[in-house]
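> After the structure tokens below, expect a handful of questions from me.
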Amino acid sequence: MKFTWNQILILYVLIGTIVCNILPIPELAKGAIATPSFLIIPYLFGHIILTTLKKSIDISLSKLSYIFISFAVGFIFIPIVAFLLHTFQLFNGTTYSFLILLILLIYFVKSKKYDEVAEIKDIKINTNSIMFLLTFLFAIMFILYYEPFPYTSNATILSFHNPCTTLLMDYNHFIYTDNYNPTIPTVIAILSLLFKIDSYTVWWYLGTFMTPFLALLGLYVLSVEMFSDKRIYYLSFLSLLFAGAHTLEVYARYYRPDPHGIILILFLFFIYLIEKEFTSRYQKTKFKDLLIIVITFLITSFLLFSYLNSWLFNTLKPMIGYQNIGIGIFLLFFILFFLPIILKKKFNFINENFKILFLLTIAMLLSFMVHIPMAMLIFPFISIYLILRYMGREIFR
1278 MKFTWNQILI
1288 LYVLIGTIVC
1298 NILPIPELAK
1308 GAIATPSFLI
1318 IPYLFGHIIL
1328 TTLKKSIDIS
1338 LSKLSYIFIS
1348 FAVGFIFIPI
1358 VAFLLHTFQL
1368 FNGTTYSFLI
1378 LLILLIYFVK
1388 SKKYDEVAEI
1398 KDIKINTNSI
1408 MFLLTFLFAI
1418 MFILYYEPFP
1428 YTSNATILSF
1438 HNPCTTLLMD
1448 YNHFIYTDNY
1458 NPTIPTVIAI
1468 LSLLFKIDSY
1478 TVWWYLGTFM
1488 TPFLALLGLY
1498 VLSVEMFSDK
1508 RIYYLSFLSL
1518 LFAGAHTLEV
1528 YARYYRPDPH
1538 GIILILFLFF
1548 IYLIEKEFTS
1558 RYQKTKFKDL
1568 LIIVITFLIT
1578 SFLLFSYLNS
1588 WLFNTLKPMI
1598 GYQNIGIGIF
1608 LLFFILFFLP
1618 IILKKKFNFI
1628 NENFKILFLL
1638 TIAMLLSFMV
1648 HIPMAMLIFP
1658 FISIYLILRY
1668 MGREIFR
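Going letter by letter, the sequence shown gives residues 1278 to 1674 in the working numbering.
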């Protein structure tokens, strides 16, 4: 019997859940089993949404770009649906976690209609991928030397993020702040409840294994796959590793598993999206159209920031009730997600313009879901980078 790649991922989550709930395995082993699902579950959830909307979206993406966008969509929708349920006092962490698992199992049955059957030949191993794995393993050994379980130098995990996750798991209570939406704690709470594991263990694994992997992968795809220069990768890897950034409580570092670190890693993949999906199609996009899109997004991102991280948010909080904030976030993100699709149908955008519009929307929403103030810095930079790349191509072609 042949399976699709997505069916294999669903089986991994299902079997891992069963094993961790039934067998008396050590906490560290549970963490090793659960941590990959931090990427797998949002990816599968986002893939299901994009598959459902395939006729409306209909854009071509490279495999890595599609995986990233699917993950982004899942990482946006899993929390905001939870926020909506919480507003109406319908949210229960355990029930919601297993509901997501049920959705994945339903898709498991239908996966072959939409997905490719898994083939061993699809796995391509070359010297570059071996180089990536070796540098990743070296980074892990280096980090483990300074931060063996359960030690972490990241004080914000101990003092804020893990307590937020515990509150969500034990009392179904979300912590909204001016800086963060409770996005990452929601995903980690789901993993903790599914795999019957302490939330701190997941946070520790995230910082020790997952964020170094994602940071190095982002550097790899930019330096090796996009710019074909291994020297950029090696220099970046060594500077990130030996600067001691993972052992110091500083805010700008790539190995932090909290929102500060995650959004910096996402920035690498945003640049990859621009280089991979946009620059090759600039000849079909008019500068005027691109400028209008960028200006519109800059204004939208400022308004979004004004709601989530300013006087407006703090003014509305006591007026609408603290626990009703979630429905505002849900409606705002839900409308913004579907707005490009509605505009495409109404104004008949060319596919290239719609692609830019849709992918920028995903990038903007994902940024604000992870870290609100840093999103206000990173997303405008990405928008301006789009314009500069277009102008550079026109000048130097």
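No residue lacks a Cβ here, since even glycine has one placed at the ideal position from N, Cα and C.
Between I1570 and L1634, what straight-line distance do the alpha-carbon atoms span, to the nearest angstrom?
Within the sequence shown, numbered from 1, the residue matching residue 1570 stands at position 293. Within the sequence shown, numbered from 1, the residue matching residue 1634 stands at position 357. When rounded, the distance between both Cα atoms is 7 Å.
> To the nearest whole angstrom, what separates the beta carbons of Y1497 and F1409, a pair I think is in contact under 8 Å?
Along the sequence shown, read from residue 1 onward, the residue named residue 1497 stands at position 220. Along the sequence shown, read from residue 1 onward, the residue named residue 1409 stands at position 132. Contact holds; Cβ gap of about 5 Å.
> If distances are taken between C-alpha atoms only, which option among L1567, I1474, F1626 and V1501 comes closest to A1311?
Against the sequence shown, residue 1311 aligns to sequence position 34. Ranking the options by Cα distance to A1311, first place goes to I1474.
> According to DSSP, is H1363 helix, strand or coil?
Position 86 of the sequence shown, counted from the start, is the residue given in the question as residue 1363. Note: H1363 maps to helix in three-state DSSP.
> With P1462 and L1445 assumed to form a contact (beta carbons below 8 Å), what rounded beta-carbon distance in angstroms separates them?
Here residue 1462 is taken as the residue at index 185 of the sequence shown, counted from 1. Here residue 1445 is taken as the residue at index 168 of the sequence shown, counted from 1. Yes, they are in contact, since the Cβ atoms of P1462 and L1445 sit about 6 Å apart, within 8 Å.
> Which residue from L1305, E1304, I1576 and I1346 puts its Cα closest to that of F1322?
As a position in the sequence shown, residue 1322 is number 45, starting the count at 1. Here the closest residue by C-alpha is I1346.
> Pick helix, strand or coil for T1454, following the three-state DSSP scheme.
Looking up residue 1454 in the sequence shown gives position 177. T1454: coil per DSSP, three-state reduction.
> Within a Cβ cutoff of 7 Å, which residues of the same chain sit near L1470, ignoring the five residues on either side of it in sequence?
What you label residue 1470 is simply residue 193 of the sequence shown in a count that begins at 1. Contacts found: G1370, T1371, S1374 and M1446.
> Run the CB neighbour count on D1335, radius 10 Å, all protein chains shown included, and call it buried at 16 or more, exposed below.
The sequence position of residue 1335 within the sequence shown is 58, counting from 1. Exposed is the call here.
> Can you list, in chain order, the residues of its chain whose CB lies under 8 Å from that of K1507, leaving out five sequence neighbours each side?
Residue mapping note: residue 1507 aligns to position 230 of the sequence shown, counting from 1. Here the set comprises N1405, M1408, S1500 and V1501.
> Just the Cα atoms here: how many angstroms apart are D1663 and I1317?
Here residue 1663 refers to the residue found at position 386 when the sequence shown is read from its first residue. Here residue 1317 refers to the residue found at position 40 when the sequence shown is read from its first residue. In the sequence under discussion, the amino acid at residue 1663 is Leu, which differs from the Asp named in the question. Spanning the two alpha carbons is a distance of roughly 29 Å.
> What are the boundary residues of the alpha helix (DSSP H) that S1314 is part of?
Position 37 of the sequence shown holds residue 1314. Start and end: S1314 to T1329.
> Let me confirm a value: P1425 is counted as buried when at least 16 other C-beta atoms fall within 10 Å, else exposed. Which label applies?
Taking the first residue of the sequence shown as 1, we reach residue 1425 at position 148. The residue in question, P1425, is exposed, as its Cβ has fewer than 16 Cβ neighbours within 10 Å.
> Can you tell me whether T1562 is helix, strand or coil according to DSSP?
Taking the sequence shown and counting its residues from 1, the one referred to as residue 1562 is at position 285. Note: T1562 maps to coil in three-state DSSP.
> Take L1665 and list the residues in its own chain whose beta-carbon comes closer than 7 Å to its own, dropping the five residues that flank it on each side.
In the sequence shown, counting from the first residue as 1, residue 1665 sits at position 388. Contacts found: none.
> Measuring CA to CA, which of I1452, F1645, L1468 and Y1477 is closest to L1543?
Looking up residue 1543 in the sequence shown gives position 266. Comparing Cα positions, the closest option is F1645.
> Between P1313, V1290, N1403 and Y1448, which has its C-alpha nearest L1382's C-alpha?
In the sequence shown, counting from the first residue as 1, residue 1382 sits at position 105. For L1382, the nearest C-alpha among the options comes from V1290.
> Go ahead and pull the three-state DSSP assignment for K1332.
Along the sequence shown, read from residue 1 onward, the residue named residue 1332 stands at position 55. Looking at K1332 - three-state DSSP - the assignment turns out to be helix.
> Where does I1420 land, buried or exposed, given buried means 16+ other C-beta within 10 angstroms?
As a position in the sequence shown, residue 1420 is number 143, starting the count at 1. The residue is buried, with at least 16 neighbouring Cβ atoms inside 10 Å.
> Determine the DSSP secondary structure at S1337, reduced to helix, strand or coil.
As a first step, residue 1337 is located in the sequence shown; it is residue number 60 there, counting from the start. Note: S1337 maps to coil in three-state DSSP.
> Return the Cβ separation of L1545 and G1495 in integer angstroms, given the expectation that the two are a contact with Cβ distance under 8 Å.
On the sequence shown, residue 1545 is found 268 positions in, with the first residue counted as 1. On the sequence shown, residue 1495 is found 218 positions in, with the first residue counted as 1. The Cβ separation is near 3 Å, so the contact holds.
> What do you reckon, are the CB atoms on F1610 and M1487 nearer than 8 Å?
Here residue 1610 refers to the residue found at position 333 of the sequence shown. Here residue 1487 refers to the residue found at position 210 of the sequence shown. No, these two residues do not count as a Cβ contact at 8 Å.
> Suppose contacts are defined by Cβ-Cβ distances below 8 Å. Is I1452 in contact with W1480 by that definition?
In the sequence shown, the residue the question calls residue 1452 occupies position 175. In the sequence shown, the residue the question calls residue 1480 occupies position 203. In this structure, W1480 does not lie closer than 8 Å to I1452 by Cβ.
> Going by Cα to Cα distance, which pick from Y1511, F1564 and F1365 is closest to L1411?
Start at 1 with the first residue of the sequence shown, and residue 1411 comes out as number 134. Considering only alpha carbons, the answer is Y1511.
> Quick one, are the C-beta atoms of P1536 and V1647 less than 8 Å apart?
Taking the sequence shown and counting its residues from 1, the one referred to as residue 1536 is at position 259. Taking the sequence shown and counting its residues from 1, the one referred to as residue 1647 is at position 370. Yes, they are a contact pair.
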